[in-house]
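Let me begin by presenting the structure, written as structure tokens, before commenting on it.
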């Protein structure tokens, strides 16, 4: 199984195919997903790329972290597991 990478701070114009293209020079891209805002349908400016091996992922992190993409320095690092709970605040509106 490959290693999933977090890619952040990229331009909102980047789509899934663009994200894949940015990383395929480092090896097999198993998946590339830009995270979209479900209300507006716009990119949130971050996503995830799954590389074919740990070595490919390490090479991608080394080469791409801090790289300028359309004037923005992108962040690339190992994706952290999603935290449990998913509490988004909410502030107790109407709850007793």
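Residue numbers (our numbering): 164 to 259. Where is the CB? At the ideal position from N, CA and C, for every residue including glycine.
Endpoints, beta strand (DSSP E) assigned at residue i
{"i": "residue 213", "result": "206-214"}
{"i": "residue 194", "result": "192-199"}
Integer Cβ distance of residue i from residue j, believed to fall under 8 Å
{"i": "residue 230", "j": "residue 224", "result": "Actually they do not touch by this definition, with Cβ atoms about 11 Å apart."}
{"i": "residue 196", "j": "residue 209", "result": "Not really, about 10 Å apart at Cβ, beyond 8 Å."}
{"i": "residue 216", "j": "residue 165", "result": "6 Å"}
Euclidean distance between Cα positions of residue i and residue j
{"i": "residue 228", "j": "residue 222", "result": "10 Å"}
{"i": "residue 191", "j": "residue 202", "result": "32 Å"}
{"i": "residue 173", "j": "residue 234", "result": "9 Å"}
{"i": "residue 199", "j": "residue 168", "result": "17 Å"}
{"i": "residue 240", "j": "residue 218", "result": "13 Å"}
{"i": "residue 179", "j": "residue 189", "result": "17 Å"}
Extent of the continuous alpha helix (DSSP H) run through residue i
{"i": "residue 183", "result": "179-186"}
Beta-bridge pairing of residue i - partner residues as DSSP gives them
{"i": "residue 241", "result": "168"}
{"i": "residue 231", "result": "236"}
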